[in-house]
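Chemist:
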Amino acid sequence: MDKLVVHGGSTLRGAINISGSKNASLPILAAALLTEEDCIIRRVPDVSDTNYMIQIISALGADVERSSGTVRITCADIMDEAPYELVRRMRASVCVMGPLLARKGRCVVSLPGGCVIGDRPIDLHLRGFEALGAKIEFEGGNITLTAPDGLRGAEIDLRGTHGPTVLGTDNVMMAATLAEGITVIESAAAEPEVLDLANFLNSMGAKITGAGTRRIVIEGVKKLHGVEHTVIPDRIEAGTFMAAAALAGEGVTLHRVCRDHMKAITAAIELSGHRVEFNESGCSCTIHRGDVLQGVEITTAPYAGYPTDMQAQMTALLATTPGISVIKDTIFPQRFMHCAELKRMGADIKVDNGTAVVRGVAQLSAAPVMASDLRASAALVLAALTAKGSTEISRLYHIDRGYEHIDEKLLMLGANVERVKDR
Ligand code: EPU
1 MDKLVVHGGS TLRGAINISG SKNASLPILA AALLTEEDCI IRRVPDVSDT NYMIQIISAL
61 GADVERSSGT VRITCADIMD EAPYELVRRM RASVCVMGPL LARKGRCVVS LPGGCVIGDR
121 PIDLHLRGFE ALGAKIEFEG GNITLTAPDG LRGAEIDLRG THGPTVLGTD NVMMAATLAE
181 GITVIESAAA EPEVLDLANF LNSMGAKITG AGTRRIVIEG VKKLHGVEHT VIPDRIEAGT
241 FMAAAALAGE GVTLHRVCRD HMKAITAAIE LSGHRVEFNE SGCSCTIHRG DVLQGVEITT
301 APYAGYPTDM QAQMTALLAT TPGISVIKDT IFPQRFMHCA ELKRMGADIK VDNGTAVVRG
361 VAQLSAAPVM ASDLRASAAL VLAALTAKGS TEISRLYHID RGYEHIDEKL LMLGANVERV
421 KDR
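Each residue of the sequence shown is one higher than the one before, counting from 1 in this note's numbering.
#1: Let me know the alpha helix (DSSP H) ranges lying completely inside the segment 15 to 78, each 4 residues or longer, listed in chain order.
#2: Locate the beta strand (DSSP E) running through Lys328, then write down its first and last residues.
#3: Please name the residue or residues paired with Gly249 in a DSSP beta bridge.
#4: Could you tell me whether any non-hydrogen atom of the ligand EPU is closer than 7 Å to the CB of Glu250?
#5: Residue ranges of each beta strand (DSSP E) run of no fewer than 3 residues wholly in the segment 151 to 185, ordered along the chain?
#6: Over the uninterrupted alpha helix (DSSP H) stretch that includes Thr321, give me the two end residues.
#7: Let me know the secondary structure DSSP gives Tyr403 once reduced to three states.
#8: Ala189 to Gly389, Cα distance in whole Å?
#9: Who are Arg214's beta bridge partners in DSSP?
#10: Is the Cβ-Cβ distance between Thr320 and Gly360 less than 8 Å?
#11: For Lys87, verify whether its CB is less than 7 Å away from any heavy atom of the ligand EPU.
#12: Which one or two residues does DSSP pair with His427 in a beta bridge?
#13: Check whether the Cβ of Leu411 lies closer than 7 Å to any heavy atom of the ligand EPU, and answer yes or no.
#14: State the Cα-Cα distance for the pair Val369 and Tyr303, rounded to the nearest angstrom.
#15: Got a sec? Which residues, its chain only, sit under 7 Å from Ala131 by beta carbon, not counting five neighbours each side?
#16: Taking the alpha-carbon positions, what's the Glu418 to Glu297 distance?
#17: Using a Cβ cut-off of 8 Å (strictly closer), state whether Ala243 contacts chain D.
#18: Report whether the distance from the Cβ of Ala189 to the nearest heavy atom of the ligand EPU is below 7 Å.
#19: Can you grab the Cα-Cα spacing for the pair Val94 / Lys104, in whole Å?
#20: Measure the alpha-carbon distance for Gly20 versus Pro233 and round it to whole angstroms.
#21: So within the segment 257 to 293, which uninterrupted beta strand (DSSP E) runs reach at least 3 residues, ignoring any that extend past its ends?
#22: May I ask you to check if the CB of Ile298 is nearer than 7 Å to at least one heavy atom of the ligand EPU?
#23: Answer with buried or exposed for Asn199, where buried requires no fewer than 16 other C-beta atoms within 10 angstroms of its C-beta.
#24: DSSP state of Ile298, grouped into three classes?
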């Protein structure tokens with residue numbers, strides 16, 4: 001197990017490229033199961049979650065080649081049972097269900113286990129498959145979905161108690177591409193990653209309209225074909241580096257971003273007193289650290305609201321921003337594990353009922369801390385950049401799930417970080 005040692009106090013300068021989106025890549029890799037022809041997918045980030053997905057689809061029979069961000073997948077002949085040993089490692093593996101059900105008329109996938117960021121059921125995914133005509137059975141921790149006569153289009157409302165579901169929308173949309181007739185998904189997730197998947201599917205010959213809005217209409221087709229696609233930039237990685245630049249930077253520039261996807265994150269960073277300047281095309285930005293800073297109120301919400309995946313990193317930024325900040329997570333109200341670790345570094349944070357109240361302190365101090373999940377570990381790295389002393393962040397595998405070569409990118413910006421083997 002690796003750990004990251006961050007020697008606080010360096011000023012970040014220079015420019016880096018933002019990677020392709022992890023959360024767009026995962027369902028897109030799974031969507032390649034829908035066709036027997038070649039799919040070429042570019043800018044797939046080299047992170048362990050995309051590696052797990054590649055292992056899962058390979059175990060299902062896909063022929064996969066990967067070289068420097070480009071993945072070529074051919075699924076000439078596939079099986080319909082996903083191996084538990086691989087599936088249990090990543091919740092997003094549930095998104096092979098939609099493609100397998102559509103192409104094979106049957107699939108067996110293990111129920112995803114618990115998750116440190118909160119209860120993460122898949123009832124909405126199953127509600128969608130059932131509406132399309134699939135029969136659902138549970139046995140021995142597995143779900144078996146069957147639709148021997150094929151799926152049929154239906155009107156489906158995917159709203160849950162915490163709002164729409166991203167992977168649930170992806171899963172039902174993928175299944176519906178090969179269903180007979182028209183499917184309407186109401187209360188769909190409108191995240192840019194859902195739109196990127198819909199664009200990928202449409203390039204394969206699917207007929208999807210309305211993706212990126214709350215109502216998606218899918219007209220089923222008989223067959224999908226091969227495609228070449230470039231994944232959108234990772235808005236959460238970009239937001240994380242924006243926060244790093246605001247904390248410890250002097251004119252840091254991020255290339256390969258998408259301004260439109262970053263509005264809520266940019267607004268929160270600017271509200272706290274920093275300035276984000278985009279170039280004309282909106283695909284590069286420079287972050288100017290502010291002189292007069294203030295606390296902010298943030299409530300996470302489905303897109304285009306403030307993303308839950310940037311909640312922990314913003315908490316780290318606000319931990320040393322003067323004034324009081326209030327951060328509420330409505331999507332995953334238990335996603336505050338990072339706060340206990342930030343408090344060990346001297347942060348003044350009180351968490352109650354899905355809300356963190358942060359009183360900005362002048363400086364944090366280094367402590368040995370433990371990463372608990374992907375975004376929580378990113379928050380600890382951010383906090384460590386300006387903390388006094390050297391912070392050791394253990395269980396780095398959490399951050400490697402979703403940030404491509406984060407230590408190398410930080411080094412390029414002048415941070416003093418080292419990856420070392422934990423004994
Ligand atoms: N929910 C249900 N029933 C369901 C599905 C979801 O009640 O069947 C609830 C969840 O418990 C949660 C809310 O609905 O309260 C939203 O969950 P959603 O289904 O949208 O989450 P997801 O699709 O499993 C994706 C991202 C997460 C991100 C969430 C929310 C991927 C691979 N994962 O998960 O990303 O937090 O959407 O935006 O796209 C991350 O990258 O760190 C990460 C956790």
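Every residue, glycine too, gets a C-beta built ideally from N, C-alpha and C.
Modeler: Working from what's here:
#1: Unbroken alpha helix (DSSP H) runs of no fewer than 4 residues, entirely contained in the segment 15 to 78, are found at 22 to 31, 48 to 59, following chain order.
#2: Per DSSP, Lys328 is one residue of the beta strand (DSSP E) stretching across 324 to 328.
#3: Per DSSP, Leu12.
#4: Glu250: no, Cβ never under 7 Å from the ligand EPU.
#5: Given a length threshold of 3 residues, each whole run of the beta strand (DSSP E) inside the segment 151 to 185 is given here in chain order: 155 to 157.
#6: From DSSP, Thr321 is part of no alpha helix (DSSP H); its letter is neither H nor E.
#7: Secondary structure at Tyr403: coil, using DSSP grouped into helix, strand and coil.
#8: Roughly 42 Å separates the two Cα atoms.
#9: Bridge partners of Arg214: none, in fact.
#10: Taking 8 Å as the cut-off, the Cβ atoms of Thr320 and Gly360 count as close.
#11: Note that residue 87 is Val in the sequence shown here, rather than Lys. False, no ligand heavy atom lies under 7 Å from that Cβ.
#12: Residue 427 lies beyond the residue range present for the chain, which begins at 1 and ends at 423; the question has no answer from this structure.
#13: No; taking the cut-off as 7 Å, the Cβ of Leu411 has no heavy atom of the ligand EPU nearer than that.
#14: A straight line joining the alpha-carbon of Val369 with that of Tyr303 spans about 31 Å.
#15: In the same chain as Ala131, and ignoring 5 residues on each side of it, the C-beta atoms closer than 7 Å to its own belong to Ala154, Ile156, in chain order.
#16: Straight-line Cα distance between these residues: approximately 34 Å.
#17: Absent here is chain D; the protein component of the structure consists of one chain.
#18: Using a cutoff of 7 Å, the CB of Ala189 counts as near the ligand EPU, since one of the ligand's heavy atoms is closer than that.
#19: Using only the alpha carbons, I get a separation of about 16 Å.
#20: In this structure, the CA atom of Gly20 is about 4 Å from the CA atom of Pro233.
#21: With a minimum length of 3 residues, the continuous beta strand (DSSP E) runs that stay inside the segment 257 to 293 are 275 to 278, 284 to 288.
#22: Every heavy atom of the ligand EPU is 7 Å or more from the Cβ of Ile298, so no.
#23: By the Cβ neighbour-count rule, Asn199 is buried, with 16 or more other Cβ atoms within 10 Å of its own.
#24: Strand, per DSSP.
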